[in-house]
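Numbering (our numbering), first residue to last: 404 to 929.
Even glycine gets a Cβ: it sits at the ideal position worked out from N, Cα and C.
If you're wondering where the values come from, they're calculated on a predicted model, not measured in any experiment.
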């Protein structure tokens, strides 16, 4: 498969070869590019947050209500590329969730009407979907019309076709769509800020953000049962990440993704979207309240159709200029099934501001923002048998996984060696493990070996489960090493080899991959 487009005049390509991974990411030369001229202009990238709603027709007359969330970046006036997820919210298969890549062509008809056609390629499954999802590969194509309200986002409708080539799901149905478009400010490659000898005349406003690794504990009442009617284990431990984007000084939107890493519900996953309010109590101290909802299930947890409702309150305390600790209490429940739980969570939050820009801006106007070296990788990893009982079945068959990895390169690293923080989310698409998913966070180092060659190593830990992989409670660790070659100043390829194992389970796997990378620069307020 080959997808092509332009992102700030650079090509993006994704290749798949022999079931081994090729990774499309935003990375290039280890050496930073020369500092730009203060008058050099940056163009904001139109970015779309999309929600879709549709109902799939399954064999034997069953239906599955699916909600999709996609984050799409304009790489030209007509082409969007991004990532997405689809999760069950109605029916009988709560926990049926997929992750993958999305591409779309857009053609304006009038100032307000436009036509779209696109493709999603991903992996996933869940809730007894072995025959339905097969290995987990999901293909979704769509065509539709949308209307721009020019103030409240886009509303649209169309027809989609969903197919799991190695399973039995094949369905054509109408869908409803809502798009919210905003702008993101990026620069190609890793860029240094220019030397500025005069003050900026146009100071950009900052939009406040919070990013947090999360540890959560669910305490479950005795009245809750599993999806097969058996007694539910009384607790689940989860790990994941949360992103908050502030609309003003107090109101915020939130996105959270977590998976089970302790208890007896490996394979449980939740993706929640919501809103909240932050009330300052004093210097560095605040109370936060939120409500959220989204798809959840897996691990035999009885979430019915999949919709999970969440509400909570938290105490947040700043421990440095950009870091805070947060303790939150909450309650979750599935309105269509027995699952409910009281929640306690601990979060370590990183606070930062990003520039707000709707038009082209000069580098001099970014004087109050620090350039940030970032990378996004679209990841395909292959698991090979590492122990006799690493799977409950198909023990001699490898598992292929598709997903996304995000990297943040720490300031202060020199050009030859760079340290980075990393996080990844993957879902199986081949190998008869269609419900398997994993979410990991960790750190790594990249070392330049010359003009074209570089090496990397990374270690990650997090949650995994589903698909018959013997991961115990769900806590896993992974280590990878790779050798890369720079094709151009913005593209590089990297082969990787690694090892992954579960704590408390028989799962052990050798991990092979290859990556294609493109790096970019973001901006955070100083």
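Listed in chain order, the alpha helix (DSSP H) runs fully inside the segment 473-559 are 533-536, counting runs of at least 4 residues. When the Cα atoms are used, residue 495 and residue 468 turn out to be separated by approximately 9 Å. In the DSSP assignment, residue 774 falls within the unbroken beta strand (DSSP E) covering 772-788.
The beta carbon of residue 452 sits closer than 7 Å to those of 474 and 583, all from its chain and outside the five residues before and after it, given in chain order. Taken in chain order, the unbroken stretches of beta strand (DSSP E) that lie wholly in the segment 679-753 and span 3 residues or more are 688-700, 710-721 and 726-736. Going by DSSP, residue 620 is part of the beta strand (DSSP E) stretching over 608-622.
With 16 or more other Cβ atoms from the protein chains shown falling within 10 Å of its own Cβ, residue 476 counts as buried.
Rounded to whole angstroms, residue 840 and residue 465 show a C-alpha spacing of 24 Å. About 7 Å separates the beta carbon of residue 923 from that of residue 590, a gap short enough to meet the 8 Å contact definition. By the Cβ criterion, the segment 828-845 is not in contact with the segment 759-766, since fewer than three pairs of Cβ atoms, one from each stretch, lie closer than 8 Å.
Nearest Cα to residue 675 within the set 554, 587, 692 and 645: 645. For the 7 Å CB-CB criterion, residue 882 and residue 910 do not form a contact. Comparing alpha-carbon positions, the option among 899, 667, 703 and 563 lying closest to residue 632 turns out to be 703. In this structure, the alpha-carbon of residue 720 lies about 22 Å from that of residue 609.
In the pairwise beta carbon analysis, the segment 847-866 is classified as not touching the segment 650-658: fewer than three pairs are separated by under 8 Å.
Linking residue 757 to residue 571 through their CA atoms gives a straight-line distance of about 45 Å.
Note that the C-beta distance between residue 733 and residue 715 is below 7 Å. Partner residues in the beta bridge of residue 808, as assigned by DSSP, are 780 and 827. Residue 487 places its beta carbon 7 Å or farther from that of residue 463. Of the candidates 773, 857 and 500, 857 places its Cα closest to the Cα of residue 899.
Residue 549 sits close to residue 517, with the two beta carbons spaced by under 7 Å. Distances from the CA of residue 785 to each of 684, 534, 901 and 896 were compared; the closest alpha carbon is that of 901.
Taken through DSSP and simplified to helix, strand or coil, residue 572 comes out as coil. Minimum Cα-Cα distance from residue 677 among the listed residues 666, 694 and 689 corresponds to 694. By the neighbour-count criterion, in which a residue is buried when 16 or more other Cβ atoms sit within 10 angstroms of its Cβ, residue 555 is exposed.
Contact annotation, residue 826 with residue 662: C-beta distance approximately 12 Å; criterion of less than 8 Å not satisfied. Taken through DSSP and simplified to helix, strand or coil, residue 838 comes out as coil. According to DSSP, residue pairing for residue 577 in a beta bridge involves 562. Under the 10 Å beta carbon count, residue 754 is surrounded by 16 or more other beta carbons and is classified as buried.
Pairing residue 692 with residue 680 gives a Cβ-Cβ distance under 7 Å. The Cβ-Cβ distance between residue 627 and residue 640 does not fall below 7 Å. Under the 8 Å Cβ criterion, the segment 795-814 counts as touching the segment 775-783, having at least three qualifying pairs. Around the beta carbon of residue 722, fewer than 16 other beta carbons sit within 10 angstroms, so the residue counts as exposed. Linking residue 708 to residue 820 through their CA atoms gives a straight-line distance of about 48 Å. With contact defined as three or more Cβ pairs closer than 8 Å, the segment 734-747 and the segment 614-623 are in contact.
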